[in-house]
Structure formats: C-alpha cells, structure tokens
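Worksheet for the structure shown next.
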Amino acid sequence: MKVFNTRTLGALLATATVLCPVAAQAQYKDIPAQRSNTERVWDALGDGFNWTGPYNWVSLPPPGAVGPPQAFDIATFDDLGGSVSIFAPTQVAELRVRNSALILNLNNNNLTIFDRLLVGRGLAGQIGQLTILNGSIQIPNTLSMNDVRFGSSSLTTGRVTLSPGTSIDTGGEFIVGDKGIGEMTLTGGATASAGVFLMLGNGIGSDGTISVSGLGSAVTTPDTFVVGNSGNGHLSLLSQATASARRMVIGDEIESLSSDVLVSGTGSRITLLEDNVVGNFGVGSLTISNNATMTANIAHVGKAPGSIGTLSLAGPGASYTITTDIFLGREGVSTVSLTNGATLSSLNSFAGHLLGSSGTVTVNNATWNAGTLALGNFGNGTLTASNGAIITSTRAKIGDEGPISVGNATLTGLGTTWTDNDVLFVGNRGTGTLSIQNGAHVNAFSMIIGAGFGGSGHLIASGVGSQLNLTSGLTSGSFSPATIDIADGSSITAASYTQSATSTLNVNITAAGSGLISTTGSATLAGTLNVVFDPAFIPTASMTFDIINAGSVFGTFAFTTLPPNVIVTYAPTRVFLTLTLPATYCPVDLNDDGIVDVLDFFAFISAFNSGDMIVDFNSDGIVDVLDFFSFIFMFNNGCP
Numbered sequence: 001m002k003v004f005n006t007r008t009l010g011a012l013l014a015t016a017t018v019l020c021p022v023a024a025q026a027q028y029k030d031i032p033a034q035r036s037n038t039e040r041v042w043d044a045l046g047d048g049f050n051w052t053g054p055y056n057w058v059s060l061p062p063p064g065a066v067g068p069p070q071a072f073d074i075a076t077f078d079d080l081g082g083s084v085s086i087f088a089p090t091q092v093a094e095l096r097v098r099n100s101a102l103i104l105n106l107n108n109n110n111l112t113i114f115d116r117l118l119v120g121r122g123l124a125g126q127i128g129q130l131t132i133l134n135g136s137i138q139i140p141n142t143l144s145m146n147d148v149r150f151g152s153s154s155l156t157t158g159r160v161t162l163s164p165g166t167s168i169d170t171g172g173e174f175i176v177g178d179k180g181i182g183e184m185t186l187t188g189g190a191t192a193s194a195g196v197f198l199m200l201g202n203g204i205g206s207d208g209t210i211s212v213s214g215l216g217s218a219v220t221t222p223d224t225f226v227v228g229n230s231g232n233g234h235l236s237l238l239s240q241a242t243a244s245a246r247r248m249v250i251g252d253e254i255e256s257l258s259s260d261v262l263v264s265g266t267g268s269r270i271t272l273l274e275d276n277v278v279g280n281f282g283v284g285s286l287t288i289s290n291n292a293t294m295t296a297n298i299a300h301v302g303k304a305p306g307s308i309g310t311l312s313l314a315g316p317g318a319s320y321t322i323t324t325d326i327f328l329g330r331e332g333v334s335t336v337s338l339t340n341g342a343t344l345s346s347l348n349s350f351a352g353h354l355l356g357s358s359g360t361v362t363v364n365n366a367t368w369n370a371g372t373l374a375l376g377n378f379g380n381g382t383l384t385a386s387n388g389a390i391i392t393s394t395r396a397k398i399g400d401e402g403p404i405s406v407g408n409a410t411l412t413g414l415g416t417t418w419t420d421n422d423v424l425f426v427g428n429r430g431t432g433t434l435s436i437q438n439g440a441h442v443n444a445f446s447m448i449i450g451a452g453f454g455g456s457g458h459l460i461a462s463g464v465g466s467q468l469n470l471t472s473g474l475t476s477g478s479f480s481p482a483t484i485d486i487a488d489g490s491s492i493t494a495a496s497y498t499q500s501a502t503s504t505l506n507v508n509i510t511a512a513g514s515g516l517i518s519t520t521g522s523a524t525l526a527g528t529l530n531v532v533f534d535p536a537f538i539p540t541a542s543m544t545f546d547i548i549n550a551g552s553v554f555g556t557f558a559f560t561t562l563p564p565n566v567i568v569t570y571a572p573t574r575v576f577l578t579l580t581l582p583a584t585y586c587p588v589d590l591n592d593d594g595i596v597d598v599l600d601f602f603a604f605i606s607a608f609n610s611g612d613m614i615v616d617f618n619s620d621g622i623v624d625v626l627d628f629f630s631f632i633f634m635f636n637n638g639c640p
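Numbering (our numbering), first residue to last: 1 to 640.
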C-alpha cells in the first residue's frame, strides 16, 4: 500500500504553484518503504543550480532531503550537469556522474555519501566529469560499499578535479580507473584518502591517473596504494605534494604494462610504513627528482619472475631511504639510475638477488649508500659508477652465492669512489669483476679475489691515478681462480699481498708505466705472471719496471709469459722487469733479426694460427682479426 506524507507534500505543492507547471507535481510520491536506493536524476528544470531546489530532479524532492535517515537516495547526473550548489550539509546513498560535466560547489559544507561515489559509469565512450569546490565529500565506514570509483565502466572516462582546500575521504576502496579511464587532479591543499586501499588502473585495459600538486595536497591510505593493478596507473606528486600508505605497489599484475610514479620538487614526498614494490608481476617505474624524498621499510624493484622495475633518482637533494633491505631484481629485471646529486640509502642491498634475476645500477655524480651489498647474489648484478659518484658499503660481495651468478662493478673517472668498511669479495662463489679506471678509487679494509669454491674473481686497475687502497691484506685466489690486471700507471696498496697457485697477474706496460702493487708487509707469490707491452709504447734497452714493492718478497711466479728480451727479477723487497738487448724494441720484428720484412709476416701468421698471445697487438686479451689489422698498420710503418 502506498503511504503519502501529506504534510511534506502540501508544502511542496504550495511552492510548486510558483516555480513549475502543475503537471510536475505528480512526479513526487513520498513512499518511505520504497525510498531506499531511489534514483533521482538531475534535469535542471527548476532553478538549475540549487541541489535542494524543487524541480531540479526527476523525482521530487532532492535526494536525501526528506525523512530519516536522509541517506538512501541515489543522485545521478546524466547528460545534464552545470554548476550545482549545496547550501547545507547533505546525505545521500550514492552520487553518480555518468555522461555529464558537473561542478559541485559545497559552499564549505560536507556531502556525506553512505555507499558509493561513481564518476564515469555508463555506456562506452561516455565521459563523466566532476569538479569539487569549497568543501568535502565524506564516505563513512559503514556496512555498505563505501567506495569511490572513477571510470567504473569499460571504455568510459571519469575525470575528477579537487580544487584548493577540498577533499574526498572514504572508509572503503578508492579506485581511479576501475574498468575504464579514471583521472583525478588535486591542487592547492586538496586531499583524497581511502580507508581500505587506493588503486589506479584496476581492471584489464583500464588506466588510472592521479596528479597532485601544491603545499598540503595529499593522497593517503592506511593500507595499500596500488599504481597499476591489472591496468596501468600513473601518480605524480609535484610542488610539495605528498602521499602516504602502509605499502605501495607499482605495476602489480602481469597485465600492467606501463605504470609509473613521479615525485618531484622540494617538499614532495612519499612515506610508506612497510614495503614498496616497483614491478611486482608487471612493469613499473618510480622517479624521484629535484629535492623530492621517499622513505620505506623495504623495497623491491623487479620482484617476481617476468617483472620489470625501473627506479630513477635525479637532481640535487633527491633521496630514497629504505630502513632495511632493497632488492634490485629479486626475481625479475631491475634498472636503477642515480644522477646529479641524488642519494639512495638502505641497510642491505641485493642486485640480482635470486636465480634468473638481473639488477643494473648506474651512479653518475650521485651517492649510493648500499649497506651490506651483494652485487649478483644468485642472479646477475651490475654497477657502473662515474663522474664523481660515491659508493659506500659495510661489506660487499661481487658475484656472491650461486654458481652461475655474475657480478660486475666498474668505477671510472676522477672523484669516483667506493668505500667498503669490511672485506670486499670479488668472486665469492659466483663470478665477479671489479674494474677501477681513469683515476677512480676503491677503498676497503681488505679484499679477497676468488674467495669461495666454484667462483672466480677478476680485478682490473687501469689508468693514471686509479687506486685500490686496502687497510689490511689483498688475497688473490683463495679457493677459486683469480686474475689481477694492472696497467697504465694504476696502483694497488695493501698491508700484504698473497697470490695463490690458481691466480694470474697480468701486467700491461704503457707509456704511463706498468701499474704497481705496493705493500708494507709481505708479498707471497705463486701462480702466473703475464707481461705485455702496449703496441703504441716503444721501450728502450735497460728500462726497468717495478710491478711489486713490498716489505719482503717470498716465493716466485710458477709460470711467466714475457715479451722478447724482458726478464723478471726477484729482489728482497721488489719484483721488477728489465728490458735487455736489442737496444731498441720493435713489436713487429717477431723473429728478432732487427729487420721488418716478409719473414716477420710469416711469423705473425704462424703465431696467429696457434693463438700465441705474443701477437695480441691491441692488448685486449684475445687474438683475433683486430690484432691482424694492428700488425699490418705497424708493419707498414716499420721500426724506428
């Protein structure tokens, strides 16, 4: 049975006599038993701007206007919108903005929505737009849905703008780009918060974007902030804007192929209580630039198999601080770039953590405080530092655990420095290479090259000013093969030097010198010594080259490969090379007859075919066609 509230109906009829035709009066029937979830559609046939104005809605009165608890009507804006004002606190069940552009002026009041706020819900291609002015939308935590969805239908678009000082707060889910396209812009202190999770790009094919700028502008959730779930998500925080959550995932599922977060500008920051994942199963990127900051408890870049994560820190003051561990390629692929004064810090760092993973870190005029560092733990890890980069670690392993793990670290250029406070392992149980070039420095307490069973280590020091400085000892070939290359005026200093039977010392002599290992203690020798002259360097008779200086020298190299007319001498405190006759040395005079002729060409062919390193004319450690070209060039120029 239909029941009418005659008192309210009489008042409305009296008003309607002035404002609208009598025929419109029949649109309203106050039936409390059926008022729950009644959809009231804005048609602007009244004054066209007042939310509570009569005849602006297809069903009278305005949604939420009559009877307790004043919260069970659906307010829908479809095709019509314009500028609508709310002049007193209002409650509704849902607010839907379908195919409409709505400017909602709250006039410093609250709009309370007990179920859902939906913007961009309708037919494919439709666009819903909502601009909030002067107030807040509250969606309390009740037993209803309590969620916010922008772009909630497939192939629809929902755009929402929060003007300065406005807010949307829900006790439930906050989804921008649910099944369609969602966009939200916050400026000048506007805020948005979710009680359960905040998600951008939820369904397959969806796309969600939040742009936040200005002091006080913020997006928050006490739970998870997902940027790209099965769709793509995009978050930008600019000009002192902030975001906070328990955890943040960028590129969550495998269908998320292009999700990104940008934090830029002084005062802009992200604060996470727990973990940050960049590329969980999908593809994600995180950029922190120009004095922006971020903190998290633990971080993963390229977490699951098949994932791709990219982390970029750029500009003075840009920093990311992780209080415990950062995994750069846990099981996926990670690329990290630190440039122009940026800083990345953590307690422990793993680049290429598990089998099949890959972690690549580039530090250019920036700082990486890595803590305990595994570069190639069970996977592959690569570090390239240049242009005054600063690396610090408490203990580092290059090629750490797995038998197929590979770690590579290259430091190059004046001012580029790596300081490790403990033992630096180059090839622990994996394969590790450390290259110090063009004036870079590495400082550590001690170093072991080829430390564990099944691994191998390679240390390269090349270029004038390039230095390895160890407070304690340098051990080459502890339980696995090790190689040291020194060249071109570089230096290695340590309290002691031990070379095992499985170790090789390669000395490349150029115009800048031979490279030198210096120790105040003992130098204990075994294994192999290989010496080559750079093809561009023409030594003269009686020249000497120190390769080891020590407080005392014990043992000799078991095997030596030397250029023609070069001898190695073991003195009590030094090992040096001396060039004997002839008075001039000509690398292409391979038969040592003092003449460069066809016989030397035949000698080259014979040595080339046998792989003899004497014809490694470009000193790259390989006998190949490039050595043939170098030989022909020098052969044509003849000897001095």
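All residues carry an ideal CB built from backbone N, CA and C; glycine is no exception. Fair warning: this is a prediction, and the values are worked out from it, not measured in the lab.
Out of the options, state which residue places its alpha-carbon closest to the alpha-carbon of residue i.
| i | options | result |
| --- | --- | --- |
| SER83 | THR131, GLY352, GLY120 | THR131 |
| GLY723 | LEU186, PRO164, ASN229 | The structure shown does not extend to residue 723, since the chain is modelled only from 1 to 640, so the question has no answer here. |
| SER503 | ILE448, GLY81, VAL196 | ILE448 |
| THR321 | ALA44, GLY188, GLY151, THR343 | THR343 |
| LEU474 | GLY455, LEU505, GLY454 | LEU505 |
| ASN358 | GLY309, ILE210, GLN437 | It is worth fixing the name first, because residue 358 is Ser in this sequence and not Asn. Nearest C-alpha to SER358: GLY309. |
| TYR570 | SER466, THR544, ASP593, ASN591 | THR544 |
| ASP43 | VAL92, GLY64, GLY81 | GLY81 |
| ALA192 | GLY203, SER244, GLY158 | SER244 |
| SER619 | PHE554, PHE602, ASN530, THR295 | ASN530 |
| LEU215 | SER518, VAL41, ALA190 | ALA190 |
Got a sec, what are the start and stop residues for the alpha helix (DSSP H) residue i sits in?
| i | result |
| --- | --- |
| ILE605 | 598-610 |
| SER630 | 625-637 |
Would residue i and residue j be called neighbours here (beta carbons separated by less than 8 Å)?
| i | j | result |
| --- | --- | --- |
| LEU200 | VAL226 | yes |
| SER393 | THR416 | no |
| GLY120 | SER167 | no |
| ALA366 | ASN348 | no |
| VAL219 | LEU198 | yes |
| MET248 | LEU272 | yes |
| ALA75 | LEU95 | yes |
| ILE326 | ALA299 | yes |
Do you know offhand how far residue i's Cα is from residue j's?
| i | j | result |
| --- | --- | --- |
| ASN380 | ASP422 | 22 Å |
| THR528 | ASN408 | 23 Å |
| GLY413 | VAL464 | 10 Å |
| LEU525 | GLY439 | 27 Å |
| THR52 | PRO62 | 5 Å |
| PHE617 | SER258 | 48 Å |
| GLY306 | VAL283 | 9 Å |
| SER453 | LEU579 | Note on identity: in this sequence residue 453 is Phe, with Ser being the wrong assignment. Cα to Cα, PHE453 sits roughly 39 Å from LEU579. |
| VAL588 | SER542 | 20 Å |
| ALA292 | SER85 | 38 Å |
| VAL278 | GLY64 | 43 Å |
| GLN126 | GLY182 | 12 Å |
| LEU383 | THR419 | 14 Å |
| ASN107 | GLY135 | 6 Å |
| LEU468 | SER256 | 44 Å |
| TRP368 | ALA385 | 10 Å |
| GLY177 | GLY203 | 8 Å |
| TRP57 | ASP47 | 11 Å |
| LEU123 | ASP78 | 11 Å |
| LEU155 | LEU162 | 23 Å |
Around the Cβ of residue i, are there at least 16 other Cβ atoms within 10 angstroms (buried) or fewer (exposed)?
| i | result |
| --- | --- |
| GLY611 | exposed |
| ALA511 | exposed |
| ALA33 | Note that ALA33 scores a pLDDT of 36, beneath 50, so its modelled location is shaky and nothing firm can be said. |
| THR17 | Low local confidence applies: a pLDDT of 32 at THR17 is under 50, so the model's placement there is unreliable, and no value is given. |
| LEU286 | buried |
| SER346 | buried |
| SER606 | exposed |
Could you spell out where the beta strand (DSSP E) holding residue i opens and where it closes?
| i | result |
| --- | --- |
| SER312 | 308-314 |
| VAL119 | 101-119 |
| MET248 | 247-250 |
| ARG429 | Segment: none, ARG429 is in no beta strand (DSSP E) and carries neither H nor E. |
| THR382 | 380-386 |
| TRP368 | 367-369 |
| GLU94 | 90-97 |
| MET543 | No beta strand (DSSP E) holds MET543; DSSP gives it neither H nor E. |
| SER136 | 127-139 |
Do residue i and the ligand PLP come close, with the Cβ less than 7 Å from some heavy atom?
| i | result |
| --- | --- |
| ILE448 | The ligand PLP is absent from the structure shown, which contains no ligands of any kind. |
Closest Cβ-Cβ distance between residue i and chain D: below 8 Å?
| i | result |
| --- | --- |
| THR52 | In summary, chain D is missing from the structure at hand, where a single protein chain is found. |
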